[in-house]
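Worksheet: one structure, shown below.
There are 4 protein chains.
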Amino acid sequence: MVEEDKKKRILEAALKLFTEKGIDNTSTALISKEADVAAGTIYLYFENKVDLINKLYLSIKEESMVASFLYLLEHSVGYESLEKVWLENVEWGVNNPNKFRFIMQFDLSPYHTKDTKAKTPDFGKKWIKLIEDGIKNKILKDLPPRYISEFFSAHFIFTVEYIIETKTNERKIFFDTFFNGIKYTD
Amino acid sequence: MVEEDKKKRILEAALKLFTEKGIDNTSTALISKEADVAAGTIYLYFENKVDLINKLYLSIKEESMVASFLYLLEHSVGYESLEKVWLENVEWGVNNPNKFRFIMQFDLSPYHTKDTKAKTPDFGKKWIKLIEDGIKNKILKDLPPRYISEFFSAHFIFTVEYIIETKTNERKIFFDTFFNGIKYTD
Amino acid sequence: MVEEDKKKRILEAALKLFTEKGIDNTSTALISKEADVAAGTIYLYFENKVDLINKLYLSIKEESMVASFLYLLEHSVGYESLEKVWLENVEWGVNNPNKFRFIMQFDLSPYHTKDTKAKTPDFGKKWIKLIEDGIKNKILKDLPPRYISEFFSAHFIFTVEYIIETKTNERKIFFDTFFNGIKYTD
Amino acid sequence: MVEEDKKKRILEAALKLFTEKGIDNTSTALISKEADVAAGTIYLYFENKVDLINKLYLSIKEESMVASFLYLLEHSVGYESLEKVWLENVEWGVNNPNKFRFIMQFDLSPYHTKDTKAKTPDFGKKWIKLIEDGIKNKILKDLPPRYISEFFSAHFIFTVEYIIETKTNERKIFFDTFFNGIKYTD
DNA sequence: CATGAATGAGGCTTCATTCAT
DNA sequence: TATGAATGAAGCCTCATTCAT
Chain A
1 MVEEDKKKRI
11 LEAALKLFTE
21 KGIDNTSTAL
31 ISKEADVAAG
41 TIYLYFENKV
51 DLINKLYLSI
61 KEESMVASFL
71 YLLEHSVGYE
81 SLEKVWLENV
91 EWGVNNPNKF
101 RFIMQFDLSP
111 YHTKDTKAKT
121 PDFGKKWIKL
131 IEDGIKNKIL
141 KDLPPRYISE
151 FFSAHFIFTV
161 EYIIETKTNE
171 RKIFFDTFFN
181 GIKYTD
Chain B
1 MVEEDKKKRI
11 LEAALKLFTE
21 KGIDNTSTAL
31 ISKEADVAAG
41 TIYLYFENKV
51 DLINKLYLSI
61 KEESMVASFL
71 YLLEHSVGYE
81 SLEKVWLENV
91 EWGVNNPNKF
101 RFIMQFDLSP
111 YHTKDTKAKT
121 PDFGKKWIKL
131 IEDGIKNKIL
141 KDLPPRYISE
151 FFSAHFIFTV
161 EYIIETKTNE
171 RKIFFDTFFN
181 GIKYTD
Chain C
1 MVEEDKKKRI
11 LEAALKLFTE
21 KGIDNTSTAL
31 ISKEADVAAG
41 TIYLYFENKV
51 DLINKLYLSI
61 KEESMVASFL
71 YLLEHSVGYE
81 SLEKVWLENV
91 EWGVNNPNKF
101 RFIMQFDLSP
111 YHTKDTKAKT
121 PDFGKKWIKL
131 IEDGIKNKIL
141 KDLPPRYISE
151 FFSAHFIFTV
161 EYIIETKTNE
171 RKIFFDTFFN
181 GIKYTD
Chain D
1 MVEEDKKKRI
11 LEAALKLFTE
21 KGIDNTSTAL
31 ISKEADVAAG
41 TIYLYFENKV
51 DLINKLYLSI
61 KEESMVASFL
71 YLLEHSVGYE
81 SLEKVWLENV
91 EWGVNNPNKF
101 RFIMQFDLSP
111 YHTKDTKAKT
121 PDFGKKWIKL
131 IEDGIKNKIL
141 KDLPPRYISE
151 FFSAHFIFTV
161 EYIIETKTNE
171 RKIFFDTFFN
181 GIKYTD
């Protein structure tokens, strides 16, 4: 209880500082201060700074993906199912701006190596398969499935950032700007 | 071995390393080695590392923006004009992947300060105005202009990255996935 | 190897090297070697090199001034009181040649800023007042008080240096060469 | 003519900057700028920075000493002759504050090595001899001749500094504070 | 003689990591 | 487990000096 508490505090401190100042501008000393823990304590729970960064990333990544995607994987791609997943993810991002932004920062950083990617739950292939089915079933336009998949991510990310900054309550109209671009038309 | 040659080599070395390893993981010593120049030579052309980063950014930013945007500012928003600008920018990004990626990295980094922003040509307000006109003229859907502006950027960035990685020759169909999402419909 | 031990060793090493080689010709690396401490350890106890220099100065300055001057400030200027203060200060200087010489070096250096001066106990005005009284009371010759004050310092400093180098045991006759120059005469 | 001009300008620039900023805070680059000369030009006239410092010192030292002391060496020590030498030296110092202060700075610095001392015109022994004669002839008090010699210097230096700062026109009364301290008395 | 771009050793400082307590 | 003083490699930068022109 006490022990796990410290690990948690370290991760929270790191998350806060990483989003505020950037990963490379955050020293382990600062993290330990923010977590109210001794400098050496970090190394009881993490092998080194990179390990801390990675573990933080993986834990957040998992939290952000699992719930909503599991749903999708059990259904087929359609307006309703896609929208549901998109909405849930957006809601999570808007409610967890630090986590969301850290993920973004990490994904674009040199810390995002093959090693990290390998450890991330990979719904990729299943996801691509669903999109392919959507195309066959004339739900989605005949575009490269990978393009649709990445467009989904890009649009989702930018929308979350937009909502965080503008504090707007709109949601569905934003989803439509995405879906109208990829939906099947004669 | 001619004068400006060294400055150019330093900028090129920095660009290469920044995109490969990240700005903060690239030491000035490494840059000087890659540029085949002495450590101190960097400081003949730049005040310090941050100045080098900024000058690199500003030179690339200018190169990337001016040409195509100037065109847009002299026209109104429509399928053709938007597509033209989008295509030109995408082409530039695809042909200059390191420059493109460095700009992305920089824009999200702590190096992107008010100071740097002030020095970048800012078409923001004009751009928003054009979008507003597009909405009034029933070219574009009635969405927040800022949303459309940022969607344009996000879609553009992701598409460039997608094309670089997949080496596809497709272009217009990707633009359409964006335009279909924001075009006016009854 | 005990805590404050290292700080003390750093200060002692710095004092030794500063007087031997000059402040600017003494690198922090050399100080750490002389103190048998790692390079980074200096920064555990001091913010930077200037802070180390200042703290060294202030600690020595305090040690050198307070005791004897406090006595003077509680008495009036006369042969006996002046001599007592002069003798005590000379004795301190002769017994602490490195400290003495460091103070001299510092006082003439660019490190002696308003900031440092502000932190030094300043008996200046009181001291001038005492001299003015001495003149009124026909103890001292009618010379500018500031001249007397600075003559006192200059003579004192040179005498200490002289005694250190010649190892003479004389004291009072040296004080007299000063006092005879400024004492009241009809 | 042109060439010697540059050497002179370098020495003048160095003198100015050394007194303003201290020897160690003055880079050769700055000297060359102040002298309006290329960086490399300094090395046509001086072997290195230390050589420049030494040559500057020796030239000023000579200028300051020779004239007046030659007079003294041809006379015997007495109130008039001492006063004359003292006054002339003081006048030189007051009129050449930069030169005067540079000499002071140098004398206390690590640049003042045995080597430099050896190259300075040395009137020391003659000077001591004169003082010894003065003592024998009951002009001066029976103090160590070296003490008198150094007291003369110390008092002279401090007086020049005092006059420069206070801009006073007084002179003789200051000399008397020195002479009264060392003159013969029953 | 004169130039000034170029060099690279060396100075100050930070910070991830270790280890005795 | 937990601490935090200590370490020292490595980063950024300055500057005395050189050398091709």
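Chains as they are written, first to last, in the working numbering: chain A, 1 to 186; chain B, 1 to 186; chain C, 1 to 186; chain D, 1 to 186. Each residue gets a CB set at the ideal place from its N, CA and C atoms; glycine is no exception. For clarity, every value in this text was computed on a predicted model and none was experimentally measured.
Check	Outcome
Assigned secondary structure, L140(A) (DSSP; H/G/I helix, E/B strand, else coil)	strand
First and last residue of the uninterrupted alpha helix (DSSP H) at V160(C)	145-166
Interface positions of the segment 16-47 of chain D facing chain C (Cβ-Cβ less than 9 Å), listed along the chain	K21, G22, I23, D24, N25
Cutoff 8 Å: S149(B) Cβ touching any chain A Cβ	no
Spatial distance of K172(B) from L87(B) (CA atoms)	8 Å
Contact with chain D by T116(C), beta-carbon distance below 8 Å	no
Alpha-carbon spacing of F106(B) relative to V37(D), whole angstroms	41 Å
Short CB-CB distance (under 8 Å) between H112(B) and chain A	no
Range covered by the alpha helix (DSSP H) that runs through L30(D)	28-34
Beta-carbon proximity list for T177(B), same chain, < 8 Å, skipping 5 on both sides	H155
Expected contact under 8 Å - CB spacing of L58(D) and A14(D) to nearest Å	The Cβ separation is near 13 Å, so there is no contact.
F158(D): contacting residues in chain C (beta-carbon distance under 7 Å)	E150, F151, A154
Proximity of N95(A) and T19(A) at Cβ, strictly below 8 Å	no
Residue ranges of each alpha helix (DSSP H) within the segment 84-115 of chain B, 4 or longer	97-108
CA-to-CA distance, I60(B) to G93(B), given in whole angstroms	11 Å
Alpha-carbon to alpha-carbon, S81(A) and T185(B)	24 Å
Selected residue, minimal CA-CA separation from S153(D), among F175(D), K136(D), T168(D), D133(D)	F175(D)
Rounded separation between L56(A) and F179(B) - CA only	37 Å
Chain D within 8 Å of L143(C), Cβ atoms only	yes
CA-to-CA distance, A35(D) to M104(A), given in whole angstroms	55 Å
Nearest-angstrom Cβ-Cβ length linking G22(C) and S109(D), presumed shorter than 8 Å	6 Å
Alpha carbon of K141(B) to alpha carbon of H75(A), nearest angstrom	31 Å
Exposed unless 16 or more other CB atoms sit within 10 angstroms - verdict on T113(C)	exposed
Under 9 Å from the C-beta of G181(C): neighbouring residues of chain D	H155, D176, T177, F178, F179, N180, G181, I182
Range covered by the alpha helix (DSSP H) that runs through K172(A)	172-182
Proximal residues to I131(D) (C-beta, below 8 Å), its chain only, five neighbours per side dropped	V77, L140, P145, I148, S149
Residue-chain proximity (L11(C), chain D), Cβ-Cβ < 8 Å	no
Residues from the segment 124-143 of chain C in contact with chain D, defined by Cβ distance under 8 Å	K141, L143
M1(B), buried or exposed, once every other Cβ within 10 Å from all chains shown has been counted against 16	Only weak support exists for where M1(B) lies, its pLDDT of 44 falling under 50; the coordinates are left without a value.
Chain D contact residues for W173(C), given Cβ-Cβ distances below 7 Å	Note on residue identity: the sequence assigns Ile, not Trp, to residue 173(C). Residues of chain D passing the Cβ test: L143.
CA nearest to the CA of A39(D), picked from Y79(D), K6(D), D122(D)	K6(D)
Alpha-carbon spacing of K33(C) relative to S27(D), whole angstroms	27 Å
CA-to-CA distance, L72(D) to K167(D), given in whole angstroms	27 Å
Cα-Cα separation between D24(C) and Y162(B), rounded to whole angstroms	57 Å
Per-residue DSSP class, three states only, for A38(A)	coil
Under 8 Å by beta carbon: chain A residues contacting S109(B)	G22
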